[in-house]
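A short worksheet on the structure shown next.
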Amino acid sequence: MDFPKIAKELIEKLGGKENISGAAHCSTRLRLVLNDESKADKEGIEQIEGVKGQFAVAGQYQIIFGAGTVNKVHAAMTEILGLGDMTKSDVANLSAEKQGLLQRLVKGLADIFVPIIPAIVAGGLLMGLANVFTAQGLFIDDKSLIDAYPNLADLAAMINTFANAPFVYLPILLAFSASRKFGGNPFLGAALGMLMVHPDLLNGWGFSAASLSGDIPYWDIFGFHIEKVGYQGSVLPVLAATWILARLENGFRKIIPSVLDNLLTPLLALFITGILTFTFVGPITHKLGFLIGDGLTWLYDTTGFIGGAIFGAFYAPIVITGMHQTFIAIETQLLADMAHTGGTFIFPIAAMSNVAQGAACLGVMFLIKDAKVKGIALPSGISALLGITEPAMFGVNLKYRYPFIAAMVGSGVSSAFIALFNAKAQALGAAGLPGIISIKPDSIAVYCIGMLISFVITFVLTLLLGLRAQRKAK
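Everything in the sequence shown is counted per full-length UniProt numbering, starting at 1 for the first residue and increasing by one.
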């Protein structure tokens, strides 16, 4: 491939040098910020060698080239444009200027939660491994592995301790990441997170029982009782408290003389935020967080297959808008309170949608005779089955429309099936075939059948709708 030629053609089809203000790339996509997206010649871009798809989202114009190619195209483009090296964050910040309030909110949540996902994934998967030892009837009738082999009990207990750590200390992880996003000192944020899970406080998960018994410990500050309750596994209280901390920190730095800045700013910011957290902010947002989690869980458990069908059918359109990034925050809360919620129902439904997108893409491969389309559809379809849907969705399915419609139907039906049996995940991960390891042991069979339903219905419907479209074209 002649990468300088590809880059030159691409710049021309994008409206020229003056229309491109930023360029970066991820593993498969070129991420661009265009001054005027209407100047992009979409049909012309599709004809450029190596292009597998294109779409505009969150203020960015993204072009799919695939791994091993995109970095070379990017290098050739930046040399011509003279933009210099830009990271994904640089481009994201540049594109944020073009976004509305809702889009900025979604991006902000993603920027906070994405960095801590590896810790949540590790904890959830370790929890799944611990459940393998303790699940009744999984391998032995009416017995768990530790019932049959007591010498495994300590191993299971050790793994369970490892698994709980990211959720018990979630406020520390979250406060560190959020402080960095809000413009504060992340280490000061981490200190706030540590305060919220301090061992002198009543464990957050024991609050309900203590509340019923009327045995909640408190500080008596001049006759004002402040509950000594921790925020283990909480999300909203941490985000609210960290935002306040960052605002106070930056405010104090503006008014405190530089000679006293390093001494007084951290002291005042942490002290005032701590008081506000335990008196007003924490209790209010803690209840709000539980209401949201309980409400979503109730909705899923109550509406059953109907709710699952609706959510599953519209999951892919939600992905197009980028709003699915907000689900990370919700899933983190559901997983942190797993003893109460039973896990996250969003992950299995996302997997049904991803498998459907993959099946639709593979269906197109069988229908279309164009060698270039086949070359894009096969790897894109496989990628979607493994949990990465952008190439399939934007490169193939949305382009022909009927595969996307078929995928919505397949996802809706399969999501209705898994919702009927209340399938839930105990960890985050790759929402697709590899997602089996994230599913609760008692839901694995349902999850696998659901993926099969999603694939078969979508694949067959794609073929039928595709043949119909071809007949109409004739």
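From the three backbone atoms N, C-alpha and C, an ideal C-beta is built for every residue, glycine too. Bear in mind the structure is a predicted one, so any value in this text is a computation, not a measurement.
* To do: From the DSSP output, read off the bridge partner residues of Ile-55.
  => The question names Ile, but residue 55 is Phe in the sequence shown. Gln-62.
* Quick one: is Thr-302 buried, meaning 16 or more other Cβ sit within 10 Å of its Cβ, or exposed? -> So Thr-302 counts as exposed.
* Asked: Taking the C-alpha atoms as reference points, what is the distance between Arg-468 and Phe-366?
  -> Each residue's CA atom was taken as its position, placing Arg-468 and Phe-366 some 14 Å apart.
* For Asp-337, count neighbouring C-beta atoms within 10 Å of its own C-beta (all shown protein chains included) and say buried if the count is 16 or more, exposed if not. => The residue is buried, with at least 16 neighbouring Cβ atoms inside 10 Å.
* Keeping to the same chain, check which residues put their C-beta closer than 8 Å to that of Ala-67; ignore five residues upstream and five downstream. => Within the same chain, Ala-67 has close Cβ partners Ser-27 and Thr-28.
* To do: Please name the residue or residues paired with Gln-227 in a DSSP beta bridge.
  => For the sequence presented, residue 227 should be read as Glu rather than Gln. Glu-227 has Tyr-218 as its beta-bridge partners, per DSSP.
* Are the region 288–297 and the region 370–390 touching by the rule of at least three beta carbon pairs closer than 8 Å? -> The region 288–297 makes no contact with the region 370–390; the number of CB pairs closer than 8 Å stays below 3.
* Asked: Taking only runs of the alpha helix (DSSP H) that begin and end inside the region 343–419, which ones reach a length of at least 4 residues, in chain order?
  -> Runs of the alpha helix (DSSP H) inside the region 343–419: 346–367 and 371–385.
* To do: List the residues that DSSP assigns as beta-bridge partners of His-25.
  => Partner(s): Leu-30.
* Classify Met-408 as buried or exposed, calling it buried when 16 or more other Cβ atoms lie within 10 Å of its own Cβ. => Note on Met-408: 16 or more other CB atoms within 10 angstroms of its CB, so buried under the neighbour-count rule.
* Buried versus exposed, by CB contacts within 10 Å (16 or more), Ser-353 -> Here Ser-353 is buried: its Cβ has 16 or more other Cβ atoms, across all protein chains shown, within 10 Å.
* Cβ-based neighbour list, Ala-76, same chain, cut-off 6 Å, excluding 5 preceding and 5 following -> Exclusion of the five residues before and after Ala-76 leaves Phe-3, Pro-4 and Ala-7 as the residues of its chain whose Cβ lies within less than 6 Å of its Cβ.
* To do: List the whole-angstrom C-beta distance separating Ser-438 from Phe-347, where the pair is believed to meet the contact cut-off of C-beta under 8 Å.
  => Contact holds; Cβ gap of about 6 Å.
* To do: Using alpha carbons as the reference points, say which of Ile-449, Ala-445, Gly-44 and Ile-64 lies closest to Ser-380.
  => Closest option to Ser-380, judged by alpha-carbon separation, among Ile-449, Ala-445, Gly-44 and Ile-64: Ile-64.
* DSSP state of Ile-20 mapped onto helix, strand, coil -> Ile-20 falls in the strand class under three-state DSSP.
* To do: Please classify Leu-202: does DSSP put it in a helix, a strand, or coil?
  => For Leu-202, the secondary structure class from DSSP, reduced to helix, strand or coil, is strand.
* Would you grab the beta carbon distance between Lys-181 and Gly-289 for me? Rounded to a whole angstrom, and I think it's under 8 Å. => That belief does not hold up - the Cβ atoms of Lys-181 and Gly-289 are roughly 19 Å apart, past 8 Å.
* Please state whether DSSP places Lys-72 in a helix, a strand or coil. => Looking at Lys-72 - three-state DSSP - the assignment turns out to be helix.
* Asked: Under 8 Å between the Cβ atoms of Ala-350 and Thr-458?
  -> Contact: no.
* With which residues is Leu-143 paired in a DSSP beta bridge? -> Per the sequence presented here, residue 143 reads as Lys, with Leu not at that position. For Lys-143, which the question treats as bridged, DSSP gives the partners Ile-140.
* Distance CB(Gly-193)-CB(Ile-216) smaller than 8 Å -> 8 Å or more divides the Cβ of Gly-193 from the Cβ of Ile-216.
* Asked: In whole angstroms, what separates the C-alpha of Asp-455 from that of Ala-384?
  -> Contrary to the premise, residue 455 reads as Phe rather than Asp in this sequence. So the two alpha carbons sit approximately 11 Å from each other.
* Asked: Do Gly-308 and Ile-418 come within 8 Å of each other at the CB atom, strictly closer than that value?
  -> Between Ile-418 and Gly-308, the C-beta spacing is below 8 Å.
* **CB contact flag (Ala-156, Ala-122, <8 Å)** => No, these two residues do not count as a Cβ contact at 8 Å.
* **Three CB pairs or more closer than 8 Å across the region 185–204 and the region 245–258** => The region 185–204 vs the region 245–258: in contact.
* Asked: Taking the DSSP output, what are the residues bridged to Ile-439?
  -> Note: Ile-439 sits in a beta bridge opposite Ala-425.
* Asked: Beta-carbon separation of Ser-179 and Gly-312 under 8 Å?
  -> The answer is no: Cβ separation not under 8 Å.
* Take Thr-279 and list the residues in its own chain whose beta-carbon comes closer than 6 Å to its own, dropping the five residues that flank it on each side. => Excluding sequence neighbours, Thr-279 sits near Ile-226.
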